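Notes follow once the structure below has been shown.
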Amino acid sequence: MIRRDRRRAPSAASLVAVLVAIAAPIPGEGQSPETPEARSYAIVMTARLNVRFEGSLQADVVGSVERGSRLCVFEVRDDWARIRTPEGSESPVQGFVSRGFLSEQRASPDELEAMGCPTG
988 MIRRDRRRAP SAASLVAVLV AIAAPIPGEG QSPETPEARS YAIVMTARLN
1038 VRFEGSLQAD VVGSVERGSR LCVFEVRDDW ARIRTPEGSE SPVQGFVSRG
1088 FLSEQRASPD ELEAMGCPTG
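Residues 988 to 1107 in our numbering are what the sequence shown spells out, letter by letter.
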């Protein structure tokens, strides 16, 4: 007699749900909440700067910013800054940029908010 396992294979929807849960950031593990708080801003000092998905030269390029662009800075990790263009920018982009091509600036929360950077 042949026994068949009566369990069903997982549906595509349940597999997607598992993958989303695995990929979701763990609070307090170097990830910020959905609306991060800008800590400072920076000005791009090179003709064009690639914005990457992660802080690595091997990471995918998700966009670029031009010389003179102001960027909201949310955190810095070694040679990388996690940034977003201010609200209302013509070409909104967020991700990581190499800090070597930035002029990092300090600003009060009021100044950051006036620039279009979220401050909490």
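Beta carbons are placed, not taken as given, at the ideal position from N, Cα and C, and that holds for glycine.
Predicted model, so just to flag it, every value in this text is computed and none were measured.
If you draw a straight line from the alpha carbon of residue i to that of residue j, how long is it in whole angstroms?
i	j	result
PHE1040	ASP1047	6 Å
ALA1011	ALA1101	Note on ALA1011: pLDDT 39, under 50, position unreliable in the model; the coordinate value appears next. Between ALA1011 and ALA1101, the C-alpha separation is close to 31 Å.
ARG1064	ARG1086	9 Å
ARG1026	VAL1038	18 Å
SER1095	VAL1031	20 Å
SER1043	GLN1092	23 Å
THR1033	ARG1054	5 Å
LEU1058	GLY1107	17 Å
ASP1097	SER1076	19 Å
ILE1013	SER1056	Summary for ILE1013: the model assigns pLDDT 36, below 50, so the residue's position carries little reliability; its value from the coordinates is reported in the next sentence. Using only the alpha carbons, I get a separation of about 31 Å.
LEU984	GLN1081	Absent from the structure is residue 984, since the part of the chain shown begins at 988 and ends at 1107.
Rounded C-beta distance between residue i and residue j? I'm assuming under 8 Å.
i	j	result
PRO1023	PHE1061	4 Å
So is residue i buried or exposed if we call it buried at 16+ other beta carbons inside 10 Å?
i	result
GLY1017	Confidence in GLY1017 is poor, its pLDDT being 42 and thus under 50, which makes the residue's placement unreliable; the coordinate value appears in the next sentence. It is exposed - the Cβ of GLY1017 has fewer than 16 other Cβ atoms within 10 Å.
ARG1069	buried
What ranges does the beta strand (DSSP E) occupy inside the region 1014 to 1092, keeping only unbroken runs of at least 3 residues that lie completely in it?
1027 to 1031, 1035 to 1039, 1048 to 1053, 1057 to 1064, 1067 to 1071, 1081 to 1085, 1089 to 1092
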